[in-house]
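S.K.:
2 protein chains.
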Amino acid sequence: MAKRNIIVGQSGGPTAVINSSLAGVYKTARERGFHTVYGMLHGIQGLLDEQYVDLSTQIHSDMDIELLKRTPSAFLGSCRYKLPEIHEDMEIYEKIFAILDKLEIEVFIYIGGNDSMDTIKKLSDYAIVKGHSQKFLGVPKTIDNDLALTDHTPGFGSAAKYIAASTKEIIRDALGLAYKKDMITIIEIMGRNAGWLTGATALAKTEECDGPDLIYLPEVPFDIEKFRDKVKELLKQKQSIIIAVSEGIKLPDGRYVCELSGGADYVDPFGHKQLAGTAAYLAGFLAAEIGCKTRGIEFSTLQRSASHMASRVDIDEAFMVGGAAVKAADEGDTGKMVVIDRLSDDPYMSTAGIYDVHKIANNEKLVPRSWMNEDASYVTDEFINYIEPLIQGDYTPFMVNGLPQHLVLKR
Amino acid sequence: MAKRNIIVGQSGGPTAVINSSLAGVYKTARERGFHTVYGMLHGIQGLLDEQYVDLSTQIHSDMDIELLKRTPSAFLGSCRYKLPEIHEDMEIYEKIFAILDKLEIEVFIYIGGNDSMDTIKKLSDYAIVKGHSQKFLGVPKTIDNDLALTDHTPGFGSAAKYIAASTKEIIRDALGLAYKKDMITIIEIMGRNAGWLTGATALAKTEECDGPDLIYLPEVPFDIEKFRDKVKELLKQKQSIIIAVSEGIKLPDGRYVCELSGGADYVDPFGHKQLAGTAAYLAGFLAAEIGCKTRGIEFSTLQRSASHMASRVDIDEAFMVGGAAVKAADEGDTGKMVVIDRLSDDPYMSTAGIYDVHKIANNEKLVPRSWMNEDASYVTDEFINYIEPLIQGDYTPFMVNGLPQHLVLKR
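Protein sequences, first through last, are from chains A and B.
Residue 219 in the numbering used here sits at position 237 of the first sequence, and the numbers go up by one each step.
Residue 331 in the numbering used here sits at position 349 of the second sequence, and the numbers go up by one each step.
As structure tokens, then:
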């Protein structure tokens, strides 16, 4: 009988909890009696170069599992690599399966976004057609929450929590400075097409904080004149205005707002003009139009890597879906993605469901228009009720010499 | 006998721990038997408008004191207001003292930077010359750590801790993505003239993290060609390069590096061109010169407002200097600033000292050249040994509905 080995990889943009899914895969595989748990280094791209590790050389204790849950970014390294269609390049598939056979892999698990689910689909199709016995399972992750079928994506809750907490702090900073002069603060949030994370700034509205005054999502065209007039109107009532905008807001003619900036001196190697950010552009625009102090703030990469402010619900769910993928494969499933099903809002309860990767459409899940207010300058209570459970609780970071400790790959 | 009342104000740019100093003033004033503790709203500027509160209407319990220690930005509101010379505008001084007399103030405490110490100097001089009995004490704060006489400033340790922790997370993010392609990450840190905060990124070098590869402080002119060559050299050894730069780095001809960007379309109401940031400029520059993926990240306002990642040493010292100012005034001192004296490095021990505000020179405390390496592209072990004790420990945030709770002013 062949060894029951398992291999797991990570793909796409990292999140604060993608390693908690890895921890869930590892722990469940151990508990279900799998022999060796391999980790692909840099996903399928690294696997093609035969880059992998035996995870038992990396994770030595339950303490290491806990540390892994608190480590941001892809522990194994990530990649952005899309497999060709099977009929386009059979050789690459033969190579992958030769490696899997050599390692006596029974289960292949891939943690990632849409492209990763496409990888799972192609590999499981190929296996069935060619009579290979391996099982292929996908585990979703993305801070953007734009995957269909799952109630929400692992990674989203922690990014939302970081954004909401940071927005509260920025609002306090602005209020402390506003006296006898107006000040406008524009916060730019990740999300090129989907406004889930930008909407999460509304969570900063709590018993001791007004939250942002305006929130603009990329789902609805951005009318810059109406925006200016709305800000002017607000300045009659208060001195400190806080505005959250998605990096991806677009004008009615389809251009990104940040394209209006004209860009800086340099063009990057792919021929893209280096654009000033959306917040920076709008801060300049309002300063010129209204004549008051403005500032633009980008939360930037920390939105996906700030594991020090990760959500416990998110870390736990990420762990759960990792484990559920192992369980499903062990019970015979292949060509499936594990999803999160919401069982109840109040109290919040969720469980892992399973979905055929062939049924995943490639369309992004956007914020529904009905979850924004009439002029699309804020989100509704339904939006807030949907997100609020996902940012609850925390895992205390393991602090060493004053800083959060991480588990890192030893070569 | 007049009531023993005390008034306290906050001034200048906020920090994560300026409210801990306020908490220290309040608690010590209560314990030493002062009657009413007033808070100026928006510092001396608000006081001139007779804007103040009785702090007992705001702080009701030891729990509120603890919450105040965990609240970023200026609880009372801040201002940027420099008093005129006494001989230039006597009236403004008469107005201030009339308000102080009306409120039966015995002690006036001002928490702030250089301008605030100037306020303390002028008010104490005026009081002595005019025979007023009030005592005036200054409590330092600034994230920039550029005040002389004090070993370090309250607020610096927390900003340094946030910067070091975030740098670690950014480094993990970059490593997860680097496979068969080079990537350069440039992190921009606050500090126009002093490089203390930029140097704090070196703390990210820990047992499981290499830390930044290059660190450029504003104290030394920045040679952009040498910089490019150094990065090219590094890319021969590794794929992910992390560079920390101060927002204030300047070319040998005196121009800020960010001025090279040419700026965006808008000019602000003060006639300043809206400049792209230093990191964004250098990211564009390296992309064009080297032809690899680059990204610029600004830590921005969160450096001074992220109380969720504040240092326990910093919060405790901020509290201590607030209390020490009350004690000093109560014992008869006036025209003084409380400072932090370092008693020992290992184990770290500090205490509050006291200094005559007349002796404070207005020169900024810069990072000594000897605390940088030979070509000024990194900091030395001496620099790291100086900062490391200041980021230790933490105060667990009080989390409510998944977010850190703050104490806010009720009007």
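Built from N, CA and C at the ideal position, the CB exists for glycine as well.
Just verifying my parser: in three-state terms, what is the DSSP assignment at A:Leu23?
M.R.: Assignment of A:Leu23 by DSSP, reduced to helix, strand and coil, places it in the coil class.
S.K.: When you check each C-beta in the segment 72 to 103 of chain A against every C-beta of chain B, which residues fall closer than 9 angstroms?
M.R.: none
S.K.: Using 8 angstroms as the Cβ pair cut-off and three pairs as the minimum, do the segment 105 to 120 of chain B and the segment 316 to 324 of chain B touch?
M.R.: yes
S.K.: With 16 as the cutoff for other CB atoms within 10 Å, does B:Lys162 come out buried or exposed?
M.R.: exposed
S.K.: Identify the residues that DSSP records as bridge partners of B:Arg277: which are they?
M.R.: Answer is B:Thr167.
S.K.: When you compare the CB of B:Ser326 with every CB in chain A, is at least one pair closer than 8 angstroms?
M.R.: no
S.K.: Identify every residue that forms a DSSP beta bridge with A:Gln(-8).
M.R.: A:Ile93
S.K.: Name the two residues that bound the continuous alpha helix (DSSP H) containing B:Ser3.
M.R.: 0 to 13
S.K.: Based on DSSP bridge pairs, tell me the residues matched to A:Ala270.
M.R.: Residue pairing from DSSP leaves A:Ala270 without any beta-bridge partner.
S.K.: Secondary structure at B:Glu88, three-state DSSP: helix, strand or coil?
M.R.: strand
S.K.: Going along chain B, which residues have a C-beta under 9 angstroms from A:Ile47?
M.R.: Neighbours of A:Ile47 on chain B: none; closest Cβ ~16 angstroms, over 9 angstroms.
S.K.: List the residues of chain A whose Cβ lies closer than 7 angstroms to the Cβ of B:Cys61, in chain order.
M.R.: Tyr161
S.K.: On the three-pair Cβ rule with 8 angstroms, is the segment 215 to 226 of chain A touching the segment 193 to 204 of chain A?
M.R.: Contact between the segment 215 to 226 of chain A and the segment 193 to 204 of chain A is present: three or more C-beta pairs spanning the two stretches fall below 8 angstroms.
S.K.: Would you mind sorting B:His340 into buried or exposed? The rule is 16 or more other CB atoms within 10 Å of its CB.
M.R.: exposed
S.K.: Is DSSP giving A:Leu119 helix, strand or coil here?
M.R.: strand
S.K.: Which parts of the segment 267 to 350 of chain A are runs of the beta strand (DSSP E), unbroken and 3 residues or longer, counting only runs that do not cross its ends?
M.R.: 275 to 280, 318 to 327, 330 to 338
S.K.: Restricting to Cα atoms, I'd like to know which of A:Leu65, A:Asp376, A:Val7, A:Ala311 is closest to A:Gly28.
M.R.: A:Leu65
S.K.: If you reduce the DSSP assignment to three classes, tell me which class B:Cys61 lands in.
M.R.: The DSSP-derived three-state label of B:Cys61 is coil.
S.K.: At a Cβ cut of 7 angstroms, what residues of the segment 128 to 150 of chain A count as close to chain B, listed as they run along the chain?
M.R.: Lys143, Ala146, Ala147, Ser148, Lys150
S.K.: Any C-beta of chain A within less than 9 angstroms: which residues of the segment 15 to 29 of chain B qualify?
M.R.: Leu23, His24, Gly25, Gln27, Gly28
S.K.: With respect to the alpha helix (DSSP H) encompassing A:Asp396, which residues constitute its N-terminal and C-terminal limits?
M.R.: In this structure chain A extends from -17 to 393, so residue 396 of chain A is not present and cannot be described.
S.K.: Please confirm whether A:Ile10 has its beta-carbon closer than 8 angstroms to some beta-carbon of chain B.
M.R.: First, the amino acid is wrong: residue 10 of chain A is Thr here, not Ile. No, A:Thr10 lies away from the interface with chain B (no Cβ there is under 8 angstroms from its Cβ).
S.K.: What residue from B:Gln387, B:Tyr377, B:Ile47 has the CA that sits closest to B:Ser140's CA?
M.R.: B:Tyr377
S.K.: Could you check where the alpha helix (DSSP H) with B:Ala141 kicks off and where it finishes?
M.R.: Its alpha helix (DSSP H) spans residues 138 to 159.
S.K.: Taking the beta carbon of A:Thr333 as the centre, do at least 16 other beta carbons fall within 10 Å, making it buried, or is it exposed?
M.R.: exposed
S.K.: Buried or exposed for A:Ala184, going by 16 or more other Cβ atoms inside 10 Å?
M.R.: Counting of Cβ neighbours within 10 angstroms places A:Ala184 among the buried residues, the total reaching 16 or more.
S.K.: So, for A:Lys(-15): in the same chain, excluding its five sequence neighbours on each side, which residues have a beta-carbon less than 6 angstroms away from its beta-carbon?
M.R.: Spatial neighbours of A:Lys(-15) in its own chain (CB-CB distance under 6 angstroms, excluding positions within 5 residues in sequence) are listed in chain order as His17, Glu86.
S.K.: Counting only Cβ pairs nearer than 8 angstroms, list the residues of chain B close to A:Glu396.
M.R.: Outside the shown range of chain A (-17 to 393) lies residue 396 of chain A, about which nothing can therefore be said.
S.K.: Given this structure, state the Cα-to-Cα distance separating A:Phe267 from A:Ile279, to the nearest angstrom.
M.R.: Linking A:Phe267 to A:Ile279 through their CA atoms gives a straight-line distance of about 14 angstroms.
S.K.: For A:Pro386 and A:Val202, what's the separation of their Cα atoms in angstroms?
M.R.: So the two alpha carbons sit approximately 39 angstroms from each other.
S.K.: For the alpha helix (DSSP H) that contains A:Asp36, what are its first and last residues?
M.R.: Looking at the DSSP string, A:Asp36 is not in any alpha helix (DSSP H); the run it does join, the beta strand (DSSP E), is 34 to 36.
S.K.: State yes or no: is the C-beta of A:Ser243 within less than 8 angstroms of the C-beta of A:Arg52?
M.R.: no
S.K.: Below 8 angstroms on C-beta distance, what does A:Ser2 contact in chain B?
M.R.: Within 8 angstroms Cβ-Cβ: nothing; A:Ser2 doesn't reach chain B, min ~14 angstroms.
S.K.: Would the segment -15 to 3 of chain B and the segment 134 to 152 of chain B be scored as touching if the rule is three or more Cβ pairs under 8 angstroms?
M.R.: Put simply, the segment -15 to 3 of chain B touches the segment 134 to 152 of chain B. At least three CB pairs are less than 8 angstroms apart.
S.K.: Where do the ends of the beta strand (DSSP E) carrying A:Glu196 lie?
M.R.: Checking the sequence shown, residue 196 of chain A turns out to be Leu, not Glu. Where A:Leu196 is concerned, the enclosing beta strand (DSSP E) stretches over 196 to 198.
S.K.: Over the uninterrupted alpha helix (DSSP H) stretch that includes A:Val213, give me the two end residues.
M.R.: 206 to 217
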